[in-house]
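Asker: Residue numbers (this note's numbering): 25 to 101.
C-beta atoms are modelled at their ideal positions from N, C-alpha and C, and glycine is treated no differently.
Everything numeric in this text was worked out from a predicted model, so none of it was measured.
Please find one structure pasted underneath; my questions will follow.
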């Protein structure tokens with residue numbers, strides 16, 4: 025995971041995760057501090073994740089960047 029210190033955005037590119045990335049995503053969410061955000065980079069829109077995010081008190085914005093690239097920016101509510 026990388027961090028953009030100027031923007032307070034941590035980035036997790038789950039395309040690079042071997043196997044199921046769910047636990048990596050949950051760990052990254054747990055590491056968010058203060059007003060930081062987490063940008064997930066994925067090859068598809070992770071619709072099943074949205075319900076989990078809402079249940080855990082996060083809001084999100086999804087944007088398709090390219091044919092097989094989605095960015096989902098997550099922040100605590």
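Taking residue 81 as the reference, give the member of 101, 57, 55, 68 with the closest Cα.
Answerer: To locate residue 81, count along the chain shown from 1; it is residue 57. When only C-alpha atoms are compared, the closest one is 101.
Asker: Tell me the residue span of the alpha helix (DSSP H) that contains residue 67.
Answerer: Against the chain shown, residue 67 aligns to sequence position 43. Careful: residue 67 lies outside any alpha helix (DSSP H) and carries neither H nor E.
Asker: Assuming residue 62 and residue 38 form a contact by the criterion Cβ under 8 Å, report the distance between their Cβ atoms to the nearest whole angstrom.
Answerer: Position 38 of the chain shown, counting from 1, holds the residue named residue 62. Position 14 of the chain shown, counting from 1, holds the residue named residue 38. So it is not a contact: roughly 11 Å between Cβ atoms.
Asker: For residue 37, report the span of its beta strand (DSSP E) as first-last.
Answerer: Reading the chain shown from its first residue, position 13 is the one you call residue 37. Here the beta strand (DSSP E) through residue 37 covers 33 to 37.
Asker: How long is the line joining the alpha carbons of residue 40 and residue 95, rounded to whole angstroms?
Answerer: As a working note, residue 40 is residue 16 in the chain shown. As a working note, residue 95 is residue 71 in the chain shown. When rounded, the distance between both Cα atoms is 14 Å.
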